[in-house]
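Visitor: No gaps in the numbering here: position 12 of the sequence shown is 29 in my numbering, and each next residue is one more.
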Amino acid sequence: MVDILEVKNLKKYFKINSGQLHAVDDVTFSIQKGKTLGVVGESGCGKSTLGRTVLHLLESTDGQIFFDGEDVTHVDAKKLRKLREKMQIIFQDPFSSLNPRMSVSTTIAEPLELSGRFGKAEIGSLTDQLMDTVGLAPRLRNSYPHELDGGRRQRIGIARALALEPDFIVCDEPVSALDVSIQAQILNLMQDLQEKRQLTYIFITHDLSVVRHISDDICVMYMGQMVEKSPSKELFKNPLHPYTKALLSAVPVPNIHKKQERIILKGEVTSPVNPPPGCRFAKRCRYAAEGCQAPQNLTEVSPGHFLACHRYQEID
Ligand code: SF4
18 MVDILEVKNL
28 KKYFKINSGQ
38 LHAVDDVTFS
48 IQKGKTLGVV
58 GESGCGKSTL
68 GRTVLHLLES
78 TDGQIFFDGE
88 DVTHVDAKKL
98 RKLREKMQII
108 FQDPFSSLNP
118 RMSVSTTIAE
128 PLELSGRFGK
138 AEIGSLTDQL
148 MDTVGLAPRL
158 RNSYPHELDG
168 GRRQRIGIAR
178 ALALEPDFIV
188 CDEPVSALDV
198 SIQAQILNLM
208 QDLQEKRQLT
218 YIFITHDLSV
228 VRHISDDICV
238 MYMGQMVEKS
248 PSKELFKNPL
258 HPYTKALLSA
268 VPVPNIHKKQ
278 ERIILKGEVT
288 SPVNPPPGCR
298 FAKRCRYAAE
308 GCQAPQNLTE
318 VSPGHFLACH
328 RYQEID
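#1: Would the stretch 196-209 and the stretch 232-245 be scored as touching if the rule is three or more Cβ pairs under 8 Å?
#2: Among the residues of its own chain, which have a CB less than 7 Å from the CB of Thr287, if the five just before and after it don't count?
#3: Out of Ile21, Leu67, Glu59 and Ser47, which one is the CA nearest neighbour of Ala40?
#4: Let me check one thing: in DSSP terms, what residues is Asp79 bridge-paired to?
#5: Determine the DSSP secondary structure at Leu38, reduced to helix, strand or coil.
#6: If Val187 sits next to Ile106, beta carbons under 8 Å apart, how far is it from one beta carbon to the other, in whole angstroms?
#7: Nearest-angstrom Cα distance between Ser60 and Thr222?
#8: If I measure Cβ to Cβ from Leu147 and keep anything under 7 Å in the same chain, skipping five residues before and after, which residues do I get?
#9: In the DSSP assignment, find the alpha helix (DSSP H) that holds Gly55 and state where it starts and stops.
#10: Can you give the Cα-Cα distance for Ala267 and Ala305, rounded to whole angstroms?
#11: Tell me the DSSP secondary structure of Met119 in three-state form.
#12: Let me know the beta strand (DSSP E) ranges lying completely inside the stretch 197-258, each 3 residues or longer, listed in chain order.
#13: To the nearest angstrom, how far is the alpha carbon of Asp341 from that of Leu264?
#14: For Ile48, count the other beta carbons within 10 Å of its own beta carbon; 16 or more makes it buried, fewer makes it exposed. Which is it?
#15: With a threshold of 8 Å, are at least 3 pairs of Cβ atoms found where one atom belongs to the stretch 311-322 and the other to the stretch 243-255?
#16: Is Phe298 near the ligand SF4, in the sense that its beta carbon is under 7 Å from a heavy atom of that ligand?
#17: Going by the CB atoms, is the gap between Leu129 and Leu115 shorter than 8 Å?
#18: Which same chain residues, not among the five before or five after Leu282, have their C-beta less than 7 Å away from its C-beta?
#19: Enumerated in chain order, which unbroken segments of the alpha helix (DSSP H) with a length of 4 residues or greater are wholly contained in the stretch 100-186?
#20: Please classify Pro259 as buried or exposed, where buried requires at least 16 other C-beta atoms within 10 Å of its C-beta.
#21: Return helix, strand or coil for Gln49, following the three-state DSSP convention.
#22: Using a Cβ-Cβ cutoff of less than 6 Å, which residues in the same chain neighbour Glu285 once the five nearest sequence positions on both sides are dropped?
#23: Can you list, in chain order, the residues of its chain whose CB lies under 8 Å from that of Arg118, leaving out five sequence neighbours each side?
#24: Any idea which residues DSSP pairs Leu324 with across the strands?
#25: Where does the unbroken alpha helix (DSSP H) through Ser65 begin, and where does it stop?
#26: My understanding is that Gln208 touches Pro111, with C-beta atoms under 8 Å, so please give their C-beta distance in whole angstroms.
#27: Does the distance from the C-beta atom of Gln242 to that of Ala325 stay below 8 Å?
#28: Under 8 Å between the Cβ atoms of Val228 and Val57?
#29: Pull up the distance between the alpha-carbon of Leu54 and that of Leu165, whole angstroms please.
#30: Do Cys62 and the ligand SF4 come close, with the Cβ less than 7 Å from some heavy atom?
#31: What is the C-beta distance between Gln37 and Phe31, in whole angstroms, given that I count them as a contact (C-beta under 8 Å)?
#32: Given the structure, does Pro259 come close to the ligand SF4, in the sense that its CB is under 7 Å from one of the ligand's heavy atoms?
#33: Going by alpha carbons, who is nearest to Tyr218 out of Glu190, Glu23, Met238 and Lys52?
See below:
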């Protein structure tokens, strides 16, 4: 299967008074068409910045982005407009990402109008189709965001993202603001849409249990860097990085007879401003030892399983 997205050594640094904040630092990955890459990590690890940089909502500092085999790292305004139709985003908080003064149908119709590709009648019928696709009843056409629950608001966000028939969507914590019961509905909807439309997703979340079933591969980010990446099943069965192990220890286990040690991370969090060259997790890692001050490159330790920790074989 072909890779629809390839990202090579991507960096996004922000200049601040005390130096450079390394929000995304040398991240490399690829995604095949129709697949989902889950990106997990704590708040501030750079996962949302990664998604936004891939979409050109933020300008990259260095590295390369290939979409559908074409180098799109630096594109002019015309090319970017075309690219935006193919690459979309679903935001975390549907309420703040929707205009409170726009009705459901106007909100969904907006990207169709802005594209300039459709006449008025066509926009009306496409809007109806999109509402139907995401499970919004026709009676909600003239409703406003504040009249709807979180799940319906997120359905509007999904309809907007789908309007121009994209191939690739960055889903930035799309269910984090929703109740658990509604989370499942939205995840099911997203999986159905993926199957029907061959969509490719980057699914960003801080909650590993959410990405478990939706992701084909998962990458774990810490302080702007990718520290582990593997097929989803393999990551849950055989996590290798101490940080991934800590994240997984917080995921509830359905078997009440199975005891699970919760790993509480202690220690100072390394600053992402001018970070030292070595392992950024070292100050919180209970296995830190000599050699951890050296850069830890992402290395394939078994087929498809990549890791940035030189001590993984010594860690229980
Ligand atoms: Fe821990 Fe060292 Fe591995 Fe970093 S490289 S995760 S500090 S053992």
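Where a beta carbon is used, it is the ideal one built from N, C-alpha and C, also for glycine.
Guide: For this structure:
#1: Counting Cβ pairs under 8 Å, fewer than three are found: no touch.
#2: Residues of the same chain with a CB within less than 7 Å of the CB of Thr287, apart from the 5 flanking positions on each side, are Met240, Arg297 and Lys300 in chain order.
#3: Ranking Ile21, Leu67, Glu59 and Ser47 by Cα distance to Ala40 puts Leu67 first.
#4: In the DSSP secondary-structure assignment, Asp79 is bridged to Lys28.
#5: When secondary structure is reduced to three states using DSSP, Leu38 falls in the strand class.
#6: Confirmed, Cβ separation roughly 5 Å.
#7: So the alpha carbons of these two residues sit roughly 9 Å apart.
#8: Answer for Leu147: Ile125, Ala176, Leu179 and Ala180, listed in chain order.
#9: Annotation for Gly55: no alpha helix (DSSP H) segment contains it, though the beta strand (DSSP E) segment containing it runs Thr53 to Val57.
#10: So the two alpha carbons sit approximately 21 Å from each other.
#11: The answer is coil: DSSP assigns Met119 none of H, G, I, E or B.
#12: Here the runs fully enclosed are 217-222, 234-239 and 242-248.
#13: In the structure as shown, the chain begins at 18 and stops at 333. Residue 341 is therefore absent and cannot be evaluated.
#14: Ile48 should be labelled buried.
#15: Yes: the two stretches touch, three or more of their Cβ pairs being nearer than 8 Å.
#16: Correct: Phe298 has its Cβ closer than 7 Å to the ligand SF4.
#17: Contact flag unset, no.
#18: Short of 7 Å from the beta carbon of Leu282, and not among the five residues preceding or following it, lie these beta carbons of its own chain, in chain order: Ala263 and Arg301.
#19: Within the stretch 100-186, the complete alpha helix (DSSP H) runs of at least 4 residues are 111-114, 121-132, 137-150 and 167-179.
#20: Of the residues assessed, Pro259 falls on the buried side of the cut-off, its CB having 16 or more other CB atoms within 10 angstroms.
#21: The DSSP-derived three-state label of Gln49 is strand.
#22: When the five nearest sequence neighbours on each side are left out, the beta carbons in the same chain lying within less than 6 Å of the beta carbon of Glu285 are those of Lys300, in order along the chain.
#23: Residues of the same chain with a CB within less than 8 Å of the CB of Arg118, apart from the 5 flanking positions on each side, are Tyr161 in chain order.
#24: Residue pairing from DSSP places Leu324 in a beta bridge opposite Glu245 and Thr316.
#25: Residues Lys64 to Val71.
#26: Here Gln208 is actually not in contact with Pro111; their C-beta atoms are around 19 Å apart, not less than 8 Å.
#27: Contact: yes.
#28: Between Val228 and Val57, the C-beta gap is smaller than 8 Å, which places the two residues in contact.
#29: Each residue's CA atom was taken as its position, placing Leu54 and Leu165 some 30 Å apart.
#30: No.
#31: Correct: roughly 7 Å between the Cβ atoms.
#32: Relative to the non-hydrogen atoms of the ligand SF4, the Cβ of Pro259 comes within a distance shorter than 7 Å of at least one.
#33: Ranking Glu190, Glu23, Met238 and Lys52 by Cα distance to Tyr218 puts Lys52 first.
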